[in-house]
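Colleague: Numbering (our numbering), first residue to last: 207 to 409. Quick reminder that beta carbons are idealized off the backbone N, C-alpha and C, glycines included.
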């Protein structure tokens with residue numbers, strides 16, 4: 207069986223065969239514990255598939271955000287706000303390991319450096335593909351971008367629906383959690399923050 211998961215570009219995540227087998231046995235035991243038969247046809251390969259799925263969904267642990275960003279930072283004299291909105295994200299809630307799905311809106315006010323557009327989306331994906339809480343995810347995106355660019359400010363808003371709230375617990379479908387992280391001018395200047403919000407609201 208091929209133990210390599212192909213990621214973006216030429217990146218790959220090699221699964222150690224012994225660790226994969228060990229984890230698959232735990233998944234098999236879990237299937238038994240909930241009252242199912244892991245030997246029936248539809249579940250025979252489920253443990254291995256779950257292991258591969260979890261490694262893929264948490265592949266952000268295998269990527270270094272600093273390495274992804276640093277080869278795409280350019281010196282450029284541009285002093286207007288740059289906004290990338292509606293970046294789709296998928297993550298796993300660290301409390302129940304159930305998905306939360308949403309969008310990130312990222313903005314920064316450059317000083318003398320800009321970053322390649324696709325790298326902002328990559329940055330969101332790296333942090334989302336980990337066990338997360340939305341508050342930390344939002345802050346990590348903002349802090350990493352601020353560290354890389356040293357801009358006048360960074361603003362990040364994340365809107366997401368949490369299946370741990372919709373499928374279990376209070377079971378409230380359609381509820382959306384909104385978090386923000388505002389640094390520099392986005393925190394200190396209401397006009398800058400409002401400009402960012404107007405971009406986010408604009409369809």
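Could you spell out where the beta strand (DSSP E) holding residue 389 opens and where it closes?
Modeller: By one-based count along the chain shown, residue 389 stands at place 183. That run of the beta strand (DSSP E) goes 383 to 390.
Colleague: Look at residue 309 and residue 295 and say whether their C-beta atoms are less than 9 Å apart.
Modeller: On the chain shown, residue 309 is found 103 positions in, with the first residue counted as 1. On the chain shown, residue 295 is found 89 positions in, with the first residue counted as 1. Cβ atoms of residue 309 and residue 295: closer than 9 Å.
Colleague: Unbroken alpha helix (DSSP H) runs of length 4 or more, entirely within the segment 332 to 406: which are they?
Modeller: 340 to 355, 369 to 372 and 391 to 394
Colleague: On the three-state DSSP scale, how would you describe residue 326?
Modeller: If you number the chain shown from 1, residue 326 lands on position 120. The answer is helix: DSSP assigns residue 326 an H, G or I state.
Colleague: For residue 273 and residue 409, I'd like the C-alpha separation in whole angstroms.
Modeller: Taking the chain shown and counting its residues from 1, the one referred to as residue 273 is at position 67. Taking the chain shown and counting its residues from 1, the one referred to as residue 409 is at position 203. For residue 273 and residue 409, the distance between alpha carbons rounds to 33 Å.
Colleague: DSSP three-state label for residue 316, please.
Modeller: Residue 316 sits at position 110 when you count from the first residue of the chain shown. Residue state, collapsed to three classes: coil.
Colleague: Rounded to a whole number of angstroms, what is the C-alpha to C-alpha distance between residue 312 and residue 366?
Modeller: As a first step, residue 312 is located in the chain shown; it is residue number 106 there, counting from the start. As a first step, residue 366 is located in the chain shown; it is residue number 160 there, counting from the start. Cα to Cα, the separation comes out at about 15 Å.
Colleague: Does the distance from the C-beta atom of residue 331 to that of residue 387 stay below 9 Å?
Modeller: For the purposes of this step, residue 331 is taken as the residue at position 125 of the chain shown. For the purposes of this step, residue 387 is taken as the residue at position 181 of the chain shown. Result no, Cβ atoms of residue 331 and residue 387 do not sit closer than 9 Å.
Colleague: With a threshold of 16 other CB atoms inside 10 Å of the CB of residue 364, please say whether the residue is buried or exposed.
Modeller: Translated into the one-based positions of the chain shown, residue 364 becomes position 158. Result: buried.
Colleague: When the Cα of residue 339 is compared with those of 354, 315, 385 and 320, which residue comes out closest?
Modeller: The sequence position of residue 339 within the chain shown is 133, counting from 1. The candidate whose alpha carbon is nearest that of residue 339 is 385.
Colleague: Within the continuous beta strand (DSSP E) that includes residue 297, where are the two ends?
Modeller: One-based indexing of the chain shown puts residue 297 at position 91. That run of the beta strand (DSSP E) goes 288 to 299.
Colleague: In or out: residue 346 buried (at least 16 other Cβ within 10 Å) or exposed?
Modeller: Position 140 of the chain shown, counting from 1, holds the residue named residue 346. Under a 10 Å Cβ-count criterion, residue 346 is classified as buried, with 16 or more other Cβ atoms of the shown protein chains found around its own Cβ.
Colleague: According to DSSP, what are the bridge partners of residue 279?
Modeller: The residue labelled residue 279 in the question sits at position 73 within the chain shown. According to DSSP, residue 279 bridges with 321.
Colleague: Would you tell me roughly how many angstroms separate the C-alpha atoms of residue 394 and residue 250, rounded to the nearest one?
Modeller: Taking the chain shown and counting its residues from 1, the one referred to as residue 394 is at position 188. Taking the chain shown and counting its residues from 1, the one referred to as residue 250 is at position 44. If you take the alpha carbons of residue 394 and residue 250, they lie about 57 Å apart.
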